[in-house]
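Shown next, in structure tokens, is the structure this report addresses.
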Amino acid sequence: MKKKGKISPILKEEDKALDLALRPQSLEDYVGQNNIKKNIEIIIEAAKKRKDPSIEHLLFYGGSGLGKTTLSYLVAKKMNSGIRTIAGPSIKKSGDLAAILTSLKEGDILFIDEIHRMNSSCEEIIYPAMEEFRLNLVIGKGPMARTMDLKIPKFTLIGATTRLALLSSPLRSRFGATFRLDSYTMGEIEEIIKKSAKLLEVKINKQAISSIACRARFNPRIANRLLKRVRDFSQVEGGGTLTREKAEKALSFLDIDKIGLESGDRKILGVLYNKFDGGPVGLQSIALASGEEEETIVEIYEPYLMQVGLIKRTPRGRVITEKGKSYLKKENGGT
Ligand SMILES: Nc1ncnc2c1ncn2[C@@H]1O[C@H](COP(=O)(O)OP(=O)(O)OP(=O)(O)O)[C@@H](O)[C@H]1O
Ligand SMILES: [Mg+2]
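Here's what the structure looks like:
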């Protein structure tokens, strides 16, 4: 099980309602990712002109919380289509997938989340479905087995994944367009916080917005979660407009520092510096010395520590950068 700290972008049970409540309702409200939005608008427009009820199959990839699910729902909305969602891990047998495919209506979207975790035996079913809108089913076993060829309604598959490399290349190549969601700019995160505050009916000033944005690791889900935590904290403390002082008090209570690092990140940095002399050191050794799982380090801690330039990956292993060293010195009370 992955560790899920306050700043982990991975969806937690407690986030579900918040995610839903704050999900943008139109492509226009979806902040950033302008290139992707423009491409999608063109694809949809072109299909409308052709009077085609479906568009080419789309694949969205990028880290947790960057807006893949949101975008998929907005595509459906823009197309005026129905959308069926299914999680990759729940597709265990080809029959599971066949049942869904036959229940779709012309023009529907089938959204497969975490598509890299779909059982690979389902790929044989999904290829002809994606390419020719046909189902090739094998019924029965051994010498009695029969094949059945069924036509299915023309649909659009949208796949989402955080791990593109785990998708087989034949599957990847069957998507008409693949889009990578990038992390957001500080300005975009501030815009998201502003919109979310409005939806949550939280009064917040500009400085408080930027205090939260600095710590949101360029990720919309983390930004929304921090906003909610700060609001809750401040309500308990007496309420009123959220100012920088109130926001920072709440954020330091949550043990999130000025650049969005929490204790887990600091532990990884500390291990690298104190136990391995700053590196280079392999992932396995860091995991052992820190007591964190390798997967958690790779998926949660490392991407952001690298993004802010505190560690580097080299062919011989991970190293702490000069910036990382001075961060630690400051943390420990030095200058
Ligand atoms: N571009 C955006 N503009 C405004 N809000 C956004 C944007 N992207 C994401 N969000 C907010 O962040 C939340 C998380 O986004 P979403 O669920 O789409 O991420 P995801 O990429 O599907 O994550 P996961 O990989 O964990 O499934 C949304 O509910 C929404 O409130
Ligand atoms: Mg999602």
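The working numbering puts the first residue of the sequence shown at 25, with every later residue one more than the last. Ideal Cβ positions, reconstructed from N, Cα and C, are used throughout, including at glycine.
Item, Value
"Expressed to the nearest angstrom, what Euclidean distance is found between the alpha-carbon atoms of residue 141 and residue 251?", "31 angstroms"
"Report yes if the C-beta distance between residue 321 and residue 334 is below 8 angstroms; otherwise report no.", "no"
"Compare the Cα-Cα distances from residue 375 to each of 292, 302 and 348 and report the closest residue.", "In the structure displayed, the chain extends from 25 to 359; residue 375 sits before or after that span and is not available."
"Between residue 116 and residue 229, what straight-line distance do the alpha-carbon atoms span, to the nearest angstrom?", "49 angstroms"
"In the structure shown, what three-state DSSP assignment does residue 282 receive?", "coil"
"Would DSSP call residue 175 helix, strand or coil?", "strand"
"State the CB to CB distance for the pair residue 183 and residue 199, rounded to an integer number of angstroms; the pair is presumed to be in contact (CB under 8 angstroms).", "7 angstroms"
"Our contact map puts residue 247 next to residue 232 with C-beta atoms below 8 angstroms; I'd like the distance itself, whole angstroms only.", "Incorrect: roughly 13 angstroms between the Cβ atoms, too far for contact."
"If we require 4 or more residues per run, which alpha helix (DSSP H) segments fall completely within the stretch 187 to 243?", "193 to 196, 210 to 223 and 230 to 238"
"If you measure from each residue's Cβ to the nearest non-hydrogen atom of ligand 2, which ones come out under 6 angstroms, in chain order?", "92, 93, 137 and 184"
"Should residue 54 be counted as a contact of ligand 1 given a C-beta to heavy atom distance under 7 angstroms?", "yes"
"Note down the Cα distance separating residue 354 from residue 290, rounded to an integer number of angstroms.", "12 angstroms"
"Under a three-way DSSP split, which group does residue 126 fall into?", "helix"
"Are the CB atoms of residue 125 and residue 153 within a distance shorter than 8 angstroms?", "yes"
"Reducing DSSP to helix, strand and coil, say where residue 111 ends up.", "strand"
"Can you have a look at residue 57 and say buried or exposed, based on whether 16 or more other CB atoms are within 10 angstroms of its CB?", "buried"
"Helix, strand or coil: which one does DSSP assign to residue 94?", "helix"
"How many whole angstroms separate the CB atoms of residue 185 and residue 139, which I take to be in contact at a CB cut-off of 8 angstroms?", "5 angstroms"
"Please list, in chain order, all residues of the same chain as residue 35 whose beta carbon is under 8 angstroms from its beta carbon, the five residues on each side excluded.", "43, 88, 89 and 245"
"According to DSSP, is residue 26 part of a helix, a strand, or is it coil?", "Any answer about residue 26 is weak, because its pLDDT of 45 lies below 50 and its placement is not dependable; what the coordinates show is given next. In this structure, residue 26 counts as coil in the three-state DSSP scheme."
"Report the rounded CA-to-CA distance for residue 109 versus residue 121, giving the unit in angstroms.", "12 angstroms"
"For the stretch 68 to 84 against the stretch 171 to 182, do three or more pairs of beta-carbon atoms, one drawn from each stretch, fall closer than 8 angstroms, so that the two count as touching?", "yes"
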